[in-house]
């Protein structure tokens, strides 16, 4: 940009208009987000592995164990719709980013709000699913398979919830200021990356946990 | 936006984003269809459906990462970080699960 002052030093470049760039030429915060998301694979990998380890185990004969397994209770049509909703929230997220790039602040707010609402629908569905499972007798302490299921899907839901909080914060800021500044635009891009990551983790969970016996 | 200095290729248009979403939705419908084939009256073997379900999930995963997360338009360093983390987690946990007997391997 014409009004942006660039300051070069020996080991890094500072772009005073856009934030700091390391010698990689990538925004530090953006690079940090990608590294964070990369590390999240280890986190969710541990939870998915934990579930795979226990889902097929036979706990007959163990004291204090309730022999009801997540697989017996899955409602695939319901979870499929939830998955579709989360997938479509990725579409509204990129449309929000696209609207911001186009300079259309109103449309940006609409798509941010739509993404947050779709996320809320997903969380609501998960809450409903958990409630149904608990009524059916499968609680987090029923058996190790149930614990692993609640841990995995619960932590994913917590990630979605955090994404909703960040989206609604950006929506509120945009509404109060009449639009997002360039700096806040980067925040929207970072929240978008986080949101899409939560979506791809659900793609994996939906297949491995729900669809494959 | 700040990231524009780093992106050298044109991003998809809103119409293309919608087309990608339709494609992702169709793959999800296909996955659910496979699930019902698996458990249905004329059921087919899990050994057939499981690899297909994993393949479909992998395609959806890659499409979201490449197009919605714009990784195909970004600098290669970001791809290296991201795929590095994914591969490390996949190898580590696969080895752990095989070692603990949760995944059967042909002997």
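Chains as they are written, first to last, in the numbering used here: chain A, 224 to 436; chain B, 1042 to 1148.
Here a beta-carbon is modelled for each residue, glycine too, at the ideal position from N, C-alpha and C.
Just so you know, these numbers come straight off a predicted model, no measurement behind them.
Minimum C-alpha distance to residue i - residue among the options
i: residue 301 (chain A); options: B:1073, B:1056, B:1058; result: B:1073
i: residue 249 (chain A); options: A:432, A:419, A:409; result: A:409
i: residue 331 (chain A); options: A:346, A:253, A:398; result: A:398
i: residue 1071 (chain B); options: B:1091, B:1112, B:1134, B:1137; result: B:1091
i: residue 452 (chain A); options: A:434, A:424, A:436, A:435; result: Residue 452 (chain A) is absent from the model: chain A starts at 224 and stops at 436.
i: residue 413 (chain A); options: B:1110, B:1132, B:1067; result: B:1110
i: residue 420 (chain A); options: B:1126, B:1139, B:1064, B:1138; result: B:1126
Inter-residue Cα distance where the pair is residue i and residue j
i: residue 1129 (chain B); j: residue 255 (chain A); result: 18 Å
i: residue 1095 (chain B); j: residue 343 (chain A); result: 27 Å
i: residue 1052 (chain B); j: residue 1105 (chain B); result: 14 Å
i: residue 310 (chain A); j: residue 350 (chain A); result: 18 Å
i: residue 381 (chain A); j: residue 314 (chain A); result: 21 Å
i: residue 422 (chain A); j: residue 327 (chain A); result: 25 Å
i: residue 430 (chain A); j: residue 1098 (chain B); result: 7 Å
i: residue 232 (chain A); j: residue 247 (chain A); result: Confidence at residue 232 (chain A) is low in this model, with a pLDDT of 37, below 50, so its placement is unreliable and no value can be given for it.
i: residue 396 (chain A); j: residue 321 (chain A); result: 18 Å
i: residue 1044 (chain B); j: residue 1118 (chain B); result: Because the pLDDT of residue 1044 (chain B) is 44, which lies under 50, any placement of that residue in the model is unreliable, and the number read from its coordinates should be weighed accordingly. Cα to Cα, residue 1044 (chain B) sits roughly 15 Å from residue 1118 (chain B).
i: residue 1120 (chain B); j: residue 1059 (chain B); result: 24 Å
i: residue 366 (chain A); j: residue 1113 (chain B); result: 43 Å
i: residue 363 (chain A); j: residue 373 (chain A); result: 6 Å
i: residue 1124 (chain B); j: residue 378 (chain A); result: 22 Å
i: residue 1065 (chain B); j: residue 406 (chain A); result: 31 Å
i: residue 1116 (chain B); j: residue 261 (chain A); result: 16 Å
Three-state secondary structure assigned by DSSP to residue i
i: residue 1115 (chain B); result: coil
i: residue 290 (chain A); result: coil
i: residue 329 (chain A); result: helix
i: residue 359 (chain A); result: coil
i: residue 1139 (chain B); result: helix
i: residue 303 (chain A); result: helix
i: residue 312 (chain A); result: helix
i: residue 365 (chain A); result: coil
i: residue 399 (chain A); result: helix
i: residue 1054 (chain B); result: coil
i: residue 1090 (chain B); result: helix
i: residue 421 (chain A); result: helix
i: residue 1059 (chain B); result: helix
Anticipated Cβ contact below 8 Å, residue i with residue j, distance rounded
i: residue 292 (chain A); j: residue 432 (chain A); result: So it is not a contact: roughly 12 Å between Cβ atoms.
i: residue 335 (chain A); j: residue 384 (chain A); result: The pair is not a contact, with the Cβ atoms about 16 Å apart (cut-off 8 Å).
i: residue 375 (chain A); j: residue 271 (chain A); result: 6 Å
i: residue 418 (chain A); j: residue 338 (chain A); result: 7 Å
i: residue 1069 (chain B); j: residue 312 (chain A); result: Incorrect: roughly 13 Å between the Cβ atoms, too far for contact.
i: residue 268 (chain A); j: residue 1134 (chain B); result: 5 Å
i: residue 299 (chain A); j: residue 1076 (chain B); result: 6 Å
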